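Numbering (our numbering), first residue to last: 3 to 64. This report concerns only the one structure given below.
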Amino acid sequence: MTKNVGSIERLLRILIGAALVAWAYFGNVPWAYLGVVPLLTGLVGWCPPYAIFGINTCKMKK
């Protein structure tokens, strides 16, 4: 798996995902557990839909 999520986007995914999971846990909002998806894609740095559609937000190294 080649990383296809840039660093700023990874940070945003991690923060938003963690916030949603915390909201689900403490606020008893079951649908907010969907925050696991952006949290995991942010931690791993790879997004399956990005791979399918050929999107890459990582900066290219020269």
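Beta carbons: idealized from backbone N, C-alpha and C, even for Gly. Remember, it's a predicted structure, so these values are computed and weren't measured experimentally.
Checklist entry - Is there contact here, the stretch 37 to 46 with the stretch 14 to 23, by at least three beta-carbon pairs under 8 Å? => result yes
Next on the checklist: What residue range does the alpha helix (DSSP H) around Trp48 cover?
Outcome noted: Looking up residue 48 in the sequence shown gives position 46. That residue, Trp48, is in no alpha helix (DSSP H); it is neither H nor E in DSSP.
Checklist entry - Can you tell which of Gly8, Val31 and Thr4 has its C-alpha closest to the C-alpha of Lys61? => result Stepping through the sequence shown from its first residue, residue 61 is reached at position 59. Among Gly8, Val31 and Thr4, the Cα nearest to that of Lys61 is on Gly8.
Item to check | Contacting residues, own chain, Cβ-Cβ under 7 Å from Leu45 (five flanking each side not counted) | outcome: For the purposes of this step, residue 45 is identified with residue 43 of the sequence shown, where counting begins at 1. Excluding positions up to five away in sequence, the list reads Ile16.
Checklist entry - Along the chain, where does the alpha helix (DSSP H) that runs through Trp25 open and close? => result Residue numbering aside, residue 25 sits at position 23 when the sequence shown is read from its first letter. Note, Trp25: alpha helix (DSSP H), Ser9 to Gly29.
Next on the checklist: Between the alpha carbons of Gly19 and Trp33, how many angstroms are there, rounded?
Outcome noted: Residue numbering aside, residue 19 sits at position 17 when the sequence shown is read from its first letter. Residue numbering aside, residue 33 sits at position 31 when the sequence shown is read from its first letter. Approximately 12 Å, taken between the alpha carbons.
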